[in-house]
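Below: one structure, written as structure tokens.
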Amino acid sequence: MTTTNSFSLQIRDDQIGVITMDIAGESMNVLKAEFADEISSLLADIKANSQLKGLVFISGKPDSFIAGADISMLDGCKTAEEAQAIGRMGQQMFDQLEQLPIPLVAAIHGPCLGGGLELAMACHARVASNDNKTVLGLPEVQLGLLPGSGGTQRLPRLVGLQKALDMILTGKQLRAAQAKKAGLVDEVVANSILLDAAVKRALKGKLEREQPKLNLVGKVLERTPFGRNILFSQARKQTLQKTQGNYPAPLKILDVIKTGVDSGMQAGLAAEAKAFGELCMTKESAALRSLFFATTQMKKESGAGDTKPNKVRKAAVLGGGLMGGGIANVTATKAGIPVRIKDINEQGISNALKYSYSLLEKKFKRRFISKAEMQKQLLLITGTTDYSGFHDADIVVEAVFEDLALKQQMVADIEQHCSEHTIFASNTSSLPIGQIAAKAARPENVIGLHYFSPVDKMPLVEVIAHETTSAQTIATTVAFARKQGKTPIVVKDGAGFYVNRILALYMNEAANILLEGEPVEKIDKALVKFGFPVGPVTLLDEVGIDVGAKISPILTTELGERFAAPAAFDKLLADGRKGKKTEKGFYLYGKNGKKGKKRVDESVYSVLGVTPAARLNSDEISNRCVVQMLNEAVRCLDEGIIASARDGDIGAIFGIGFPPFLGGPFRYIDQLGAANLVAQLRNLESRFGSRFAPAPLLVTMAEQQQRFYN
888 MTTTNSFSLQ
898 IRDDQIGVIT
908 MDIAGESMNV
918 LKAEFADEIS
928 SLLADIKANS
938 QLKGLVFISG
948 KPDSFIAGAD
958 ISMLDGCKTA
968 EEAQAIGRMG
978 QQMFDQLEQL
988 PIPLVAAIHG
998 PCLGGGLELA
1008 MACHARVASN
1018 DNKTVLGLPE
1028 VQLGLLPGSG
1038 GTQRLPRLVG
1048 LQKALDMILT
1058 GKQLRAAQAK
1068 KAGLVDEVVA
1078 NSILLDAAVK
1088 RALKGKLERE
1098 QPKLNLVGKV
1108 LERTPFGRNI
1118 LFSQARKQTL
1128 QKTQGNYPAP
1138 LKILDVIKTG
1148 VDSGMQAGLA
1158 AEAKAFGELC
1168 MTKESAALRS
1178 LFFATTQMKK
1188 ESGAGDTKPN
1198 KVRKAAVLGG
1208 GLMGGGIANV
1218 TATKAGIPVR
1228 IKDINEQGIS
1238 NALKYSYSLL
1248 EKKFKRRFIS
1258 KAEMQKQLLL
1268 ITGTTDYSGF
1278 HDADIVVEAV
1288 FEDLALKQQM
1298 VADIEQHCSE
1308 HTIFASNTSS
1318 LPIGQIAAKA
1328 ARPENVIGLH
1338 YFSPVDKMPL
1348 VEVIAHETTS
1358 AQTIATTVAF
1368 ARKQGKTPIV
1378 VKDGAGFYVN
1388 RILALYMNEA
1398 ANILLEGEPV
1408 EKIDKALVKF
1418 GFPVGPVTLL
1428 DEVGIDVGAK
1438 ISPILTTELG
1448 ERFAAPAAFD
1458 KLLADGRKGK
1468 KTEKGFYLYG
1478 KNGKKGKKRV
1488 DESVYSVLGV
1498 TPAARLNSDE
1508 ISNRCVVQML
1518 NEAVRCLDEG
1528 IIASARDGDI
1538 GAIFGIGFPP
1548 FLGGPFRYID
1558 QLGAANLVAQ
1568 LRNLESRFGS
1578 RFAPAPLLVT
1588 MAEQQQRFYN
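Count along the sequence shown from 1, then add 887; that gives the number in my numbering.
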């Protein structure tokens, strides 16, 4: 048996060598630069053994294959050439594996991502377990990079151009069955027989790699120069439309894959390594990598120091509306925790159950889950119109109307019907938690747990502790949110908390620009071009104009006049315009909003008393809205609403879609320079008044030339 620090080679009686990768002290395997020497010495032993009939590469970790490459080694690179050398080293390492004269089979169980999949593709065959944990993908684009160890060249040759472009440009991950259908894996078996199946395949000898199976249209598009030109041209057009040109990686990916297709594997690999090096040095990749490190670091934190969370065995939800139904869904389907929904009538419960049923049915139809798994998850959700079945709930999440007296009544009801340890978590979007807990007998159990809509898609939750919330309550709530698949940030109590507070001023500014006469679609386009997923006016229609109208007075009362929404917005509600949910808002819906491009409801201008005329350019529009958000984020940090710039960046990106390639409000301020931002705010203040007055902390930082990150 040959053993290095992370790899061992064991030769079986049937002369199949089993290479096991197991990095000591790590929960998952990741590829590091120093492995090149270990693999070279292992390969020397393999080549020296003429008895060997084949090899199987497997992970020694119980739940993962290889989760990717160690991203931190890229941060040490000072030049594109240094990063390019890392890519080249990976390419050469995997090239040696591919050139082995005996068959090498990858036995894949658990995440096989990034460099892990590049290694598996360099093997001559791949066998995967049918476990839900097994996923295959190249997510490098999400870090502003491309696969740098041969992935851009091997994937198209295995699955075809269209499938490869879809996977590499989006970072999409495939389950084992999908990977087999695509031609990425050769066999899918139960994990219990994974090694046996891989050994059996290795004993068959080296098989000729077949071309990807394509239909007639696929053959025309992928196997003729004319078709390929159409394919790349369309992909470029769609990519630019989706990214607004803000992300350099997708365009480089297209160029590199095209080079490999047109000029062969070696030219493709050279282009890949060069592009990998260049992308490593971009500010966009630096921002996306910083986000990756921040979220990884956060996963290790309890939100309450050394306090360990209590186990949540059963949860309950008050309110069967859209939010309540969504919260119940992620509790059952992601956390696997039984959840009881209470609503004042059967219809509410029925709606909440239907919400989960329709989401699970979609998963079943796409073969993500079996019928049995779907039914098992549905059985975790039950409903009631009274408090029966609430006595043993460890946490109760309240998702009722934004009414303080009602929420206080809910606290009293839970204290009466549940145990003395039950946590009361309010999903309020704007009311201070201290006020909700004001009449509580056990205020230490009361906390805010603010989800974003739609709950099943939005990754962020704000965990809001008021002055007497216990550390135990915070730690348990944070752990509960993580089990639901969420990224929780702990914020201090206060009106609007963090995310809605910075969002409110951004939305208000968009409203002011609209009332100055700028067309609706121009405002939305400007902010999408800046990098937001949707424009502010579209967002107001999605969330509900009435919701915005309810939050605004609370924020104005608690935080001051700068939060006052334009008075003209009352005219919208008087005209029955609540947005998408009533099919009447800024845009056309239903029969009037024909499929395809969204169209503005032109009658909204007369309701607001505005004559639309485009006067400002896109940059002026986006700048006015964004600086309001940046300025308020700094105020929140100064007031201790958020604990750090890191938390503020994660909150803005995951909560409201602040452009990830900018790294969040605080990284973006560092990029702009505090002095530059203060100068912009002063200029706007002189033109539009005190709502643009720079935050005191920002002024101090500008004077002292400070940054939020070193």
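Beta carbons: idealized from backbone N, C-alpha and C, even for Gly.
On the DSSP letters alone, give me the boundaries of the beta strand (DSSP E) that E1349 sits inside.
Counted from its first residue, the sequence shown places residue 1349 at position 462. That run of the beta strand (DSSP E) goes 1347–1352.
Under 6 Å Cβ to Cβ from G1147, same chain only, skipping five residues before and after it: list those, please.
In the sequence shown, counting from the first residue as 1, residue 1147 sits at position 260. Closer than 6 Å at Cβ, skipping near neighbours: Q1040, G1155.
Take the Cβ of V1513 as the centre, count every other Cβ of all protein chains shown within 10 Å, and call the residue buried at 16 or more, exposed below.
By 1-based counting over the sequence shown, the position of residue 1513 is 626. When all chains shown are included, V1513 counts as buried.
Where are the alpha helix (DSSP H) runs, 4 residues long or more, that stay fully inside the stretch 1263–1327, in chain order?
1291–1304, 1320–1323
Determine the burial state of L1094: buried for a count of at least 16 other Cβ atoms within 10 Å of its Cβ, exposed for fewer.
By 1-based counting over the sequence shown, the position of residue 1094 is 207. By the neighbour-count rule (16 or more Cβ atoms within 10 Å), L1094 is not buried but exposed.
I'd like the span of the beta strand (DSSP E) that includes G941, first residue to last.
As a working note, residue 941 is residue 54 in the sequence shown. For G941, the enclosing beta strand (DSSP E) covers residues 941–946.
Look up K1124 in the DSSP assignment and say whether it is helix, strand or coil.
Position 237 of the sequence shown, counted from the start, is the residue given in the question as residue 1124. K1124 falls in the helix class under three-state DSSP.
Would you check if the distance between the CB atom of C1010 and the CB atom of V992 is smaller than 9 Å?
The sequence position of residue 1010 within the sequence shown is 123, counting from 1. The sequence position of residue 992 within the sequence shown is 105, counting from 1. V992 sits close to C1010, with the two beta carbons spaced by under 9 Å.
Our contact map puts I989 next to A1007 with C-beta atoms below 8 Å; I'd like the distance itself, whole angstroms only.
Position 102 of the sequence shown, counting from 1, holds the residue named residue 989. Position 120 of the sequence shown, counting from 1, holds the residue named residue 1007. Going by Cβ atoms, the distance from I989 to A1007 rounds to 17 Å, so no, they are not a contact pair.
Option nearest V1348 by Cα separation, candidates G1092, L1564, S1340:
Sequence index remark: in the sequence shown, residue 1348 carries index 461 (1-based). Here the closest residue by C-alpha is S1340.
Tell me whether the beta-carbon of V1072 lies closer than 9 Å to the beta-carbon of R1110.
As a working note, residue 1072 is residue 185 in the sequence shown. As a working note, residue 1110 is residue 223 in the sequence shown. Contact flag unset, no.
Among the candidates S1317, S1306, A1215, whose CA atom is the shortest distance from the CA of K1268?
Locating residue 1268 in the sequence shown gives position 381, where the first residue counts as 1. The displayed chain sequence assigns Ile, not Lys, to residue 1268. Here the closest residue by C-alpha is A1215.
Contacts around L1141, its chain only, beta-carbon distance under 8 Å, and the 5 residues preceding and following it disregarded:
The sequence position of residue 1141 within the sequence shown is 254, counting from 1. Answer for L1141: L1052, L1056, F1119, A1122, R1123, T1126, listed in chain order.
Going by DSSP, name the residue or residues bridged to Q897.
Counted from its first residue, the sequence shown places residue 897 at position 10. DSSP, once it has assigned bridges, lists V905 as partnering Q897.
Find out if the Cβ-Cβ distance for the pair T1218, A1239 is shorter than 9 Å.
The count along the sequence shown starts at 1 and reaches residue 1218 at position 331. The count along the sequence shown starts at 1 and reaches residue 1239 at position 352. Result no, Cβ atoms of T1218 and A1239 do not sit closer than 9 Å.
From S893 to Q1049, what distance separates their C-alpha atoms?
Position 6 of the sequence shown, counting from 1, holds the residue named residue 893. Position 162 of the sequence shown, counting from 1, holds the residue named residue 1049. When rounded, the separation of the alpha-carbon atoms in S893 and Q1049 is 36 Å.
T1021: buried (16+ other C-beta within 10 angstroms of its C-beta) or exposed?
Here residue 1021 is taken as the residue at index 134 of the sequence shown, counted from 1. Under this definition T1021 is a buried residue.
Run of the alpha helix (DSSP H) containing E1074, from where it starts to where it stops
On the sequence shown, position 187 is the one that residue 1074 refers to. Premise fails: E1074 lies in the beta strand (DSSP E), 1074–1076, not in any alpha helix (DSSP H).
Does the stretch 1226–1233 come close enough to the stretch 1192–1212 that 3 or more CB-CB pairs lie under 8 Å?
yes
Limits of the unbroken alpha helix (DSSP H) element including Y1242
For the purposes of this step, residue 1242 is identified with residue 355 of the sequence shown, where counting begins at 1. Counting along the chain, the alpha helix (DSSP H) containing Y1242 begins and ends at 1233–1252.
First and last residue of the alpha helix (DSSP H) that includes S1189?
Position 302 of the sequence shown, counting from 1, holds the residue named residue 1189. From DSSP, S1189 is part of no alpha helix (DSSP H); its letter is neither H nor E.
Using beta-carbon positions only, say whether S1016 and A956 come within less than 9 Å of one another.
Counting from 1 along the sequence shown, the entry for residue 1016 is found at position 129. Counting from 1 along the sequence shown, the entry for residue 956 is found at position 69. Not a contact, by the Cβ cut-off of 9 Å.
Could you check how far apart the C-beta atoms of G1550 and Y1385 are, in whole angstroms? I think they sit under 8 Å.
For the purposes of this step, residue 1550 is taken as residue 663 along the sequence shown, with counting starting at 1. For the purposes of this step, residue 1385 is taken as residue 498 along the sequence shown, with counting starting at 1. Contact flag wrong, Cβ pair sits at about 17 Å.
What does DSSP give as the partner residues of L1061 in its beta bridges?
Within the sequence shown, the letter at position 174 stands for residue 1061. The partner list for L1061 (beta bridge, DSSP) reads L1023.
Hey, how far is the Cα of A1391 from the Cα of Q1295?
Counted from its first residue, the sequence shown places residue 1391 at position 504. Counted from its first residue, the sequence shown places residue 1295 at position 408. Whole-angstrom Cα-Cα distance: 25 Å.
Could you name the residues of the same chain whose beta carbon sits closer than 6 Å to that of Y1393, not counting the 5 residues immediately before and after it, in chain order?
Numbered from 1 along the sequence shown, position 506 holds the residue referred to as residue 1393. Same-chain partners within the cutoff: C1512, Q1515, M1516.
Determine whether the beta carbon atoms of G1190 and T1364 lie at a separation below 9 Å.
Residue mapping note: residue 1190 aligns to position 303 of the sequence shown, counting from 1. Residue mapping note: residue 1364 aligns to position 477 of the sequence shown, counting from 1. The answer is yes: Cβ separation under 9 Å.
Counting Cβ pairs, one atom from each stretch, are 3 or more of them under 8 Å apart for the stretch 1250–1262 and the stretch 1278–1296?
They do not touch, by the three-pair rule.
Between which two residues does the beta strand (DSSP E) containing L991 stretch?
Numbered from its first residue, the sequence shown carries residue 991 at position 104. 991–995 is the span of the beta strand (DSSP E), which, as asked, contains L991.
Who are the near neighbours of E1396 in its chain, counting only those whose CB is closer than 7 Å to its CB and skipping five residues on each side?
On the sequence shown, position 509 is the one that residue 1396 refers to. Cβ neighbours of E1396 within its own chain (closer than 7 Å, five residues either side excluded): R1511, C1512, Q1515.
Quick check on the burial criterion: 16 or more other C-beta atoms within 10 angstroms. Buried or exposed for I1117?
To locate residue 1117, count along the sequence shown from 1; it is residue 230. That one is exposed.
Based on the DSSP output, what are the partners of R1227 in its beta bridges?
As a first step, residue 1227 is located in the sequence shown; it is residue number 340 there, counting from the start. Looking at the DSSP assignment, R1227 forms a beta bridge with A1203, T1269.
Tell me the rounded alpha-carbon separation between N1078 and A1063.
Stepping through the sequence shown from its first residue, residue 1078 is reached at position 191. Stepping through the sequence shown from its first residue, residue 1063 is reached at position 176. Approximately 11 Å between the Cα atoms of the pair.
R1096 classed as buried or exposed, judged by whether at least 16 other C-beta atoms fall within 10 angstroms:
For the purposes of this step, residue 1096 is taken as the residue at position 209 of the sequence shown. Exposed is the call here.
With a Cβ-Cβ cutoff of 9 Å, do V1487 and V1407 count as a contact?
By 1-based counting over the sequence shown, the position of residue 1487 is 600. By 1-based counting over the sequence shown, the position of residue 1407 is 520. Contact: yes.
Between which residues of its own chain and L1246 is the CB-CB distance below 7 Å, once the five residues before and five after are set aside?
Here residue 1246 refers to the residue found at position 359 of the sequence shown. Cβ contact annotation for L1246 (same chain, cutoff 7 Å, sequence separation greater than five): N1216, D1343, in chain order.
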